[in-house]
Amino acid sequence: QTAYNILISGCCKHDRNLGRAHEIWKEMIGNNLVPDVFNYTSLMKGYCKFGQLEKALELFKNMVEAGVLPNAVTYSVVVAGYCEEGRIDKADEFLNEMEDQGIVRNLFTYSLLINKLCKERKSEEANELFILMLKRGLVPDVVIYSTLIDGYAKESNLSQAFELYEKMSNDGITPNTITYTNLICGLCNSRKINEASELFKKMNLKGLVPDKISYTTIMAGFCKIGDMKNAQGLFTEMKQKG
RNA sequence: GCUGCUAAGAGUGGUA
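Taking the working numbering, the leading residue of the first sequence gets 350, the next gets one more, and so forth.
Given below as structure tokens:
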């Protein structure tokens with residue numbers, strides 16, 4: 350059963366293998382195995398990821414009818430599917446149904462909604478949701494903070510972005526490479542390359558190792574203002590460090 | 001084809 354799930358989830362990573370995933374699914378059933386919540390969720394994720402939300406919803410119905418209880422992961426997979434289609438309203442509705450079933454919203458479900466709102470450049474709404482989440486007693490983590498920071502940074506609302514950065518530090522949550530990259534990206538887009546550069550150094554001083562994305566982000570910032578010299582310097586450094 | 005290796009969340013820029 351677990352072996353089947355490895356195959357199914359593996360197939361679900363590329364849309365061209367979705368059909369294959371379904372065949373494995375059928376084979377599994379043909380071998381008298383009853384799909385469990387993992388199997389359902391894996392296949393549903395494949396469908397959600399590649400724009401076939403209807404099929405995922407059908408599976409959801411099937412599993413409930415078969416007496417297999419969806420868990421928080423199952424719900425969040427569907428929520429991700431709704432978000433993918435830009436249906437935040439439906440996603441939220443679905444989460445209400447989840448809560449009716451006695452499963453509370455967690456960091457993952459909030460993160461999905463917050464991320465989608467941020468991507469739609471609705472950071473204020475995202476922030477309101479974030480505050481609601483806090484009121485419900487959930488403890489934010491570095492992912493949620495980074496998501497929100499990115500949202501504000503992308504709206505060029507740098508003051509809010511840095512305010513959150515301060516807040517998370519006060520809350521004892523350590524910013525990671527992604528958090529810094531998000532801030533740096535915001536600074537670069539506002540042509541504040543000097544501040545971006547400072548932050549990049551600060552990040553290194555804190556022992557964080559810039560990755561490929563950190564480098565390309567700040568390099569793009571230098572390129573943007575025509576400072577090819579520094580851009581190339583960073584590129585050299587990047588190659589040296591592997 | 002790019003970054004795969006067992007179910008859910010975050011970051012850059014891409015070429016056909």
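Every residue gets a Cβ at the ideal spot worked out from N, C-alpha and C, and that includes glycine.
Check: Buried or exposed, going by whether 16 or more other CB atoms sit within 10 Å of the CB of residue 351?; Outcome: exposed
Check: Just the Cα atoms here: how many angstroms apart are residue 453 and residue 483?; Outcome: 14 Å
Check: Which residue marks the beginning of the alpha helix (DSSP H) containing residue 305, and which one marks its end?; Outcome: One cannot answer for residue 305 here, as it falls past the ends of the chain, which runs 350 to 591.
Check: Going along the chain, which residues of its own chain have a beta-carbon closer than 6 Å to the beta-carbon of residue 457, five neighbours each way excluded?; Outcome: 425
Check: Quick one: complete alpha helix (DSSP H) runs, 4+ long, within the stretch 528-575?; Outcome: 542-554, 561-573
Check: Buried or exposed for residue 490, going by 16 or more other Cβ atoms inside 10 Å?; Outcome: exposed
Check: Report, in whole angstroms, the separation of the C-beta atoms of residue 574 and residue 542, which I expect to be a contact under 8 Å.; Outcome: 6 Å
Check: Among residues of its own chain, excluding the 5 on either side of residue 563, which ones have a beta-carbon nearer than 8 Å to its beta-carbon?; Outcome: 526, 529, 530, 533, 549, 552
Check: Would you report the Cα separation of residue 416 and residue 365, rounded to the nearest angstrom?; Outcome: 30 Å
Check: On the DSSP letters alone, give me the boundaries of the alpha helix (DSSP H) that residue 456 sits inside.; Outcome: 456-468
Check: Going by DSSP in three states, residue 411 sits in which element: helix, strand or coil?; Outcome: helix
Check: Short of 6 Å in beta carbon distance, which residues of its chain neighbour residue 511, apart from the five on each side in sequence? Order them along the chain.; Outcome: none
Check: In chain order, which continuous runs of the alpha helix (DSSP H) of length 4 or greater are located wholly inside the stretch 467-528?; Outcome: 472-484, 491-503, 507-519
Check: Once the 5 residues before and after residue 428 are set aside, which same chain residues still bring their CB inside 7 Å of it?; Outcome: 440, 443, 444, 458, 461
Check: Would you tell me roughly how many angstroms separate the C-alpha atoms of residue 487 and residue 579, rounded to the nearest one?; Outcome: 43 Å
Check: Rounded to whole angstroms, how far is the Cβ of residue 465 from the Cβ of residue 437, which I believe are closer than 8 Å?; Outcome: 6 Å
Check: Of all the options 468, 495, 353, 518, which has the alpha carbon lying nearest to the alpha carbon of residue 504?; Outcome: 468
Check: Note down, in chain order, each residue of its chain lying with its Cβ closer than 7 Å to the Cβ of residue 447, except the 5 sequence neighbours on either side.; Outcome: 424
Check: Indicate the three-state DSSP secondary structure (helix, strand or coil) for residue 311 in the structure shown.; Outcome: In this structure the chain extends from 350 to 591, so residue 311 is not present and cannot be described.
Check: Short check: CB of residue 396 to CB of residue 373, under 9 Å?; Outcome: no
Check: Which residue from 358, 479, 403, 379 puts its Cα closest to that of residue 389?; Outcome: 358
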